[in-house]
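S.K.: Numbering (the numbering used here), first residue to last: 17 to 309.
Beta carbons: idealized from backbone N, C-alpha and C, even for Gly.
This one's a predicted model, so the numbers in the text were calculated from it and none came from an experiment.
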Ligand SMILES: [Zn+2]
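#1: Provide the residue span of the alpha helix (DSSP H) that contains residue 160, from first to last.
#2: Quick check on the DSSP output: the alpha helix (DSSP H) that includes residue 230 runs from which residue to which?
#3: Which residue comes first and which comes last in the alpha helix (DSSP H) that contains residue 202?
#4: Compute the minimum distance between the beta carbon of residue 242 and the heavy atoms of ligand 1, and state whether it is under 6 Å.
#5: Any heavy atom of ligand 1 within a distance shorter than 6 Å of the CB on residue 173?
#6: In three-state DSSP terms, what is residue 289?
#7: Please state the DSSP three-state secondary structure of residue 282.
#8: Taking residue 60 as the reference, give the member of 25, 83 and 47 with the closest Cα.
#9: Residue 193 and residue 224: beta carbons closer than 7 Å?
#10: Give the DSSP-derived three-state secondary structure of residue 68 in the structure shown.
#11: For residue 209, list the residues DSSP reports as bridge partners.
#12: Less than 7 Å between the beta carbons of residue 288 and residue 250, yes or no?
#13: Which residues in the same chain as residue 31 place their Cβ atom closer than 7 Å to its Cβ, once the five residues preceding and following it in sequence are excluded?
#14: Answer yes if the region 40–60 comes into contact with the region 294–303, meaning at least three C-beta pairs across the two stretches below 8 Å, and no otherwise.
#15: Just how far apart, CA to CA, sit residue 22 and residue 258?
#16: Say yes only if the C-beta of residue 37 is nearer than 6 Å to one or more non-hydrogen atoms of ligand 1, and no if none qualify.
#17: Using CA coordinates, which residue listed in 253, 232, 106 and 222 is at the minimum distance from residue 273?
#18: Assuming residue 29 contacts residue 113 under a Cβ cut-off of 8 Å, what Cβ separation, rounded to an integer in Å, is found between them?
#19: For a quick check, are the C-beta atoms of residue 139 and residue 245 less than 7 Å apart?
#20: Bridge partners for residue 124 per DSSP, in chain order?
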């Protein structure tokens, strides 16, 4: 097995546009993370502004009517909030961030974007605050260079949007480990789809390991690194900081050992269960730390 040569610096995609246009925590936390990086909280990380997603790219993953509705502002109520030019800018920047991070990971072994993967966005409509599906775009971008792509979705909720867009794709393997059945989807292939809703904290890391085993053989990994599985960020009692830290190390070690380039997206992580947004951002910083280790 070849070893991926992780090159430094770790380039993470982010721009001020990510966090404008809506008050959604899923995007506003990116600003706090960027601040932590600028303060040097994790060494050897560089922030890079992405190019925005193009209409052509959006049409690879979404239906023409839906793309037209969102781009034109014809539909005022979209998944990420009330349509505005600023909100559209944010959506296109975060979607473009996943594309650019994927290209960077293909070149230098690993990368990420301080945007959500937006795994609830379906082919024909947005849902669960997700307008366009950055994970699905990342998969298609990676497939221009590699034979098979894996998506590891460890957000607390299931990624029914990603499945809706990519389920029939023969070159995409999806392992979805959640702690909540929201947006659960039905696998249609034993070899390409794994969906598990973990019912007890003691099963969590075992199921993550099972998911990584399931993904053996893919040549590129897209990691939806949700922190909402954490007991105080919207998740399950017993999924502590230590569990999250071990999870991040398991994923990155797996990529390194299997010689698989890896890209991360932030995904969920919320203040609903008592954390401040800074504390949520601190949790997401664990992913960056694991990527740099
Ligand atoms: Zn979630």
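M.R.: Working from what's here:
#1: On the chain shown, position 144 is the one that residue 160 refers to. Residue 160 -> no alpha helix (DSSP H), and no H or E assigned at all.
#2: Counting from 1 along the chain shown, the entry for residue 230 is found at position 214. Residue 230 -> alpha helix (DSSP H) spans 220–230.
#3: As a working mapping, residue 202 is identified with position 186 in the chain shown. Taken as a continuous stretch (DSSP letters only), residue 202 belongs to no alpha helix (DSSP H), as it is neither H nor E.
#4: Working through the chain shown from its first residue, we reach residue 242 at position 226. Yes.
#5: Here residue 173 refers to the residue found at position 157 of the chain shown. Within the cutoff, so yes.
#6: Residue numbering aside, residue 289 sits at position 273 when the chain shown is read from its first letter. Coil.
#7: Reading the chain shown from its first residue, position 266 is the one you call residue 282. Residue 282: coil per DSSP, three-state reduction.
#8: Mapped onto the chain shown, residue 60 falls at position 44. That would be 25, whose Cα lies nearest to the Cα of residue 60.
#9: Sequence index remark: in the chain shown, residue 193 carries index 177 (1-based). Sequence index remark: in the chain shown, residue 224 carries index 208 (1-based). The answer is yes: Cβ separation under 7 Å.
#10: Here residue 68 refers to the residue found at position 52 when the chain shown is read from its first residue. In the structure shown, residue 68 sits in coil (DSSP, three-state: anything other than H, G, I, E or B).
#11: Counting from 1 along the chain shown, the entry for residue 209 is found at position 193. Paired residue(s): 190.
#12: Within the chain shown, numbered from 1, the residue matching residue 288 stands at position 272. Within the chain shown, numbered from 1, the residue matching residue 250 stands at position 234. Going by C-beta atoms, residue 288 is nearer than 7 Å to residue 250.
#13: As a working note, residue 31 is residue 15 in the chain shown. Cβ within range, chain order: 65, 66 and 109.
#14: yes
#15: Taking the first residue of the chain shown as 1, we reach residue 22 at position 6. Taking the first residue of the chain shown as 1, we reach residue 258 at position 242. Whole-angstrom Cα-Cα distance: 24 Å.
#16: Position 21 of the chain shown, counted from the first residue, corresponds to residue 37. Not under cutoff, so the answer is no.
#17: Start at 1 with the first residue of the chain shown, and residue 273 comes out as number 257. Among 253, 232, 106 and 222, the Cα nearest to that of residue 273 is on 232.
#18: The residue you call residue 29 lines up with position 13 of the chain shown. The residue you call residue 113 lines up with position 97 of the chain shown. Right, their Cβ atoms sit about 4 Å apart.
#19: If you number the chain shown from 1, residue 139 lands on position 123. If you number the chain shown from 1, residue 245 lands on position 229. No. Outside cutoff.
#20: Start at 1 with the first residue of the chain shown, and residue 124 comes out as number 108. DSSP, once it has assigned bridges, lists no residue as partnering residue 124.
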